[in-house]
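Q: Okay, here's the structure, questions in a sec.
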Amino acid sequence: MSEDGFDRLRRRSADVPVDRPRDPQGRRSLFSVSEQPAAVGAVTVSCSSCGLTSVATPRQALRLAVPSLHLPLVKRGHPSWMRCPACGARTWVRLGLRL
Ligand SMILES: [Zn+2]
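In structure tokens, the structure reads:
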């Protein structure tokens, strides 16, 4: 039932002409909503190197986490190896979710 609703929504948005923006303001406001970071679900990165805790959007965290290692069994305090947004070093960090 809900799947049918999604399908109908998607088909209607695909019918909107892309090359002729008749309502640029409306389109921009539509896009800005999807570009905004979510109010909940921010990712915190606690760095073992500089000791700071940074807050990143899930998208930023994803970029920082490539490449990354996650060894929760070996490194209990800071189990994730990735780039720290605060000091820029690739080091061991602890990831968290701010809800
Ligand atoms: Zn750091």
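Note that the sequence shown covers residues 1 to 99 in the working numbering.
Where is the CB? At the ideal position from N, CA and C, for every residue including glycine.
Quick caveat: nothing in here was measured; it's all calculated off a predicted structure.
1) Would the C-beta of Ser49 count as close to ligand 1, meaning under 7 Å from any of its heavy atoms?
2) Suppose contacts are defined by Cβ-Cβ distances below 8 Å. Is His78 in contact with Val93 by that definition?
3) Give me the DSSP bridge partner(s) of Arg98.
4) What residue from Thr91, Gly41, Arg98 has the CA that sits closest to Leu71's CA?
5) To which residues of the same chain is Ala61 closer than 6 Å at the C-beta, ignoring the five residues directly before and after it?
A: If we stick to the structure as given:
1) Here residue 49 is taken as the residue at index 49 of the sequence shown, counted from 1. Ser49 Cβ: within cutoff of ligand 1.
2) Here residue 78 corresponds to residue number 78 of the sequence shown, with the count starting at 1. Here residue 93 corresponds to residue number 93 of the sequence shown, with the count starting at 1. Against a cut-off of 8 Å, the Cβ pair of Val93 and His78 comes out as a contact.
3) Residue mapping note: residue 98 aligns to position 98 of the sequence shown, counting from 1. Its beta-bridge partners are Ala42.
4) Locating residue 71 in the sequence shown gives position 71, where the first residue counts as 1. Nearest C-alpha to Leu71: Thr91.
5) Your numbering for residue 61 matches position 61 in the sequence shown. Cβ within range, chain order: Val43.
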